[in-house]
Each structure stands twice: as C-alpha cells, then as structure tokens.
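The structure appears right after this line, and notes come after that.
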Amino acid sequence: MSRATFWNIIAKRYARNPVADQPSYETKLAMTKAILRPQMRVLEVGCGTGTTALYHAPSVAHIDAIDFSPAMIAVAQGKADAQAISNVTFRVAALANLPTNGATYDVALALSLLHLLDDPAAGLREIADRVKPEGYVVTSTACLGDTGGFMVRILPWIGKTGLLPKVVPLTKDALIAAHAAAGLQITETFRPRADGSVFLIAKKTDHQSAA
1 MSRATFWNII AKRYARNPVA DQPSYETKLA MTKAILRPQM RVLEVGCGTG
51 TTALYHAPSV AHIDAIDFSP AMIAVAQGKA DAQAISNVTF RVAALANLPT
101 NGATYDVALA LSLLHLLDDP AAGLREIADR VKPEGYVVTS TACLGDTGGF
151 MVRILPWIGK TGLLPKVVPL TKDALIAAHA AAGLQITETF RPRADGSVFL
201 IAKKTDHQSA A
C-alpha cells in the first residue's frame with residue numbers, strides 16, 4: 001500500500017478523531033501564533049485535514065498548504081469553505097513538488113511530517129530552502145529513537161505491513177543536528193514528555209552549517 005493510499009483511506013476518520021493530547025496541541029498553536037504577523041506568507045507541508053492552517057489563517061496574509069493525499073485535501077477544503085476562510089490555498093502535492101521559485105515564505109510548518117519521510121534531514125533542507133533568511137521553520141516530530149530498543153526494532157516490520165505508515169526512528173539529537181545542517185537556529189523547544197514528539201521553532205540563518 002502506498003503512503004498516499006493509506007492516508008486517503010483514513011482521511012475522514014482522521015478528521016473525526018479528537019487530538020490525542022489537546023493541551024500540548026494548544027501550546028504548539030500558541031507558540032506558533034506568537035511568531036506570526038499579518039503580512040506573512042506561510043507554507044505548510046503535510047497539512048492533513050487543514051486544522052492547523054485554518055487556525056492560523058486569521059493571523060497571516062496567506063497560507064499555501066499542501067498534502068500528497070487527495071482525500072485529506074478534500075476534507076481540508078471542505079472545512080475552509082464551511083468557515084468561509086479564503087486566504088488558505090489547499091493543494092495536492094508532495095514534498096518533491098514544492099515551489100522552486102526560491103525562498104518566498106516567511107514561515108514554513110512541517111508538523112508530524114519529518115519522521116514519515118525516507119530522508120528527514122533532506123526533507124527539512126528542502127523546506128528550509130523555501131524560507132526567507134530570518135524566517136522561521138516550525139516542526140513537530142515523533143522521535144521514536146528515544147523510546148528504547150523494542151520500538152526501534154519493530155518499526156521496520158510495522159511499516160512493511162501497511163497497517164501504519166513507515167516511520168523513521170529519529171532521536172532528538174539527530175533532529176537538532178538536521179536543523180543545524182539546514183541552516184536553522186532553534187529558538188523554542190517544547191517536549192511535554194521525555195519520549196514524546198519534539199516541537200521546535202527555528203530561525204533560518206544566512207548560511208548553512210558545514211555539517
């Protein structure tokens with residue numbers, strides 16, 4: 001089963017299910033909102049059913065929100081129509097289809113995304129390349145490599161079954177190193193549990209690390 005097919009199948013159920021950790025989600029929303037300004041253009045990669053993009057829409061000029069699942073984008077567009085939000089453009093696209101017209105965004109969001117990529121560090125660099133110098137990249141990433149040996153051992157098997165998407169067992173240290181290599185300086189960190197997802201806000205510097 002392809003990754004897009006998996007997300008297409010679960011899209012409607014995903015949209016109905018409540019957020020697993022609502023207090024932490026609200027903290028991430030508030031931390032992100034604090035860096036947003038009315039004139040900003042925002043890119044969200046892997047926007048899912050659009051909840052986060054639509055929440056932030058009133059705070060910025062425009063959001064381009066992409067996801068490779070047509071079913072997810074259909075749900076997101078339905079939400080936008082129902083809420084009469086017109087400054088979010090939802091589009092079916094994968095990370096490889098990101099706009100190539102240079103660094104045009106003030107902020108990029110990659111939430112619950114990097115651990116689902118075959119090469120998280122390369123994906124992060126692709127996203128950072130679309131952000132202006134002094135702009136921000138906001139990520140929330142499952143770091144299952146920090147949870148212990150058993151979880152790391154079973155992840156490849158789970159991915160092969162097709163029951164769940166393939167997950168790369170990142171560690172927090174590897175995630176931080178990937179940000180540095182992408183020319184990103186971390187300014188805010190939030191991790192409600194020692195073995196949970198790592199939420200980072202990072203500013204793009206004028207040069208990339210040699211790492």
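Start counting the sequence shown at 1; every next residue gets the next number (full-length UniProt numbering).
Backbone N, C-alpha and C fix where the C-beta goes; we use that ideal spot for every residue, glycine too.
- As the crow flies, the alpha-carbon of L114 is around 11 Å from that of V138.
- In this structure the stretch 54-66 does not touch the stretch 118-136; the number of beta carbon pairs closer than 8 Å is below three.
- In the DSSP assignment, G135 falls within the beta strand (DSSP E) that extends over V131 to T141.
- Closest in C-alpha terms to R37, from the list A74, T49 and Y136, comes Y136.
- A distance below 7 Å between beta-carbons, with the five flanking residues on each side excluded, links M40 to the following residues of its chain, in chain order: V60, A61, D106 and V107.
- Contact between V45 and I63 is absent: CB atoms are separated by about 11 Å, not below the 8 Å threshold.
- P192 and N87 have their C-alpha atoms roughly 32 Å apart.
- With a beta-carbon spacing of about 17 Å, T205 and L175 fall beyond the 8 Å limit used to define contacts.
- Beta-bridge analysis with DSSP links T189 to L200.
- Under the three-state reduction of DSSP output, V42 falls in the strand class.
- Note: D173 is not bridge-paired with any residue in the DSSP secondary-structure output.
- For L114, no alpha helix (DSSP H) run applies, since DSSP gives it neither H nor E.
- Residue state for R91 is assigned as strand, using DSSP reduced to three classes.
- Under the three-state reduction of DSSP output, V75 falls in the helix class.
- Pairing A93 with F68 gives a Cβ-Cβ distance under 8 Å.
- With respect to the C-alpha of L124, the residue from F90, L43 and D81 having the closest C-alpha is L43.
- I66 sits in a strand when the DSSP states are folded into three classes.
- Judged by DSSP in its simplified three-state form, A108 adopts strand.
- With 16 or more neighbouring CB atoms inside 10 Å of its own CB, D146 falls in the buried class.
- If you ignore the 5 residues before and after V75, its C-beta comes within less than 6 Å of the C-beta of A11, A15 and T49, all in its own chain and listed in chain order.
- Put simply, of V167, A194, K28 and L184 the residue whose alpha carbon is nearest the alpha carbon of E126 is L184.
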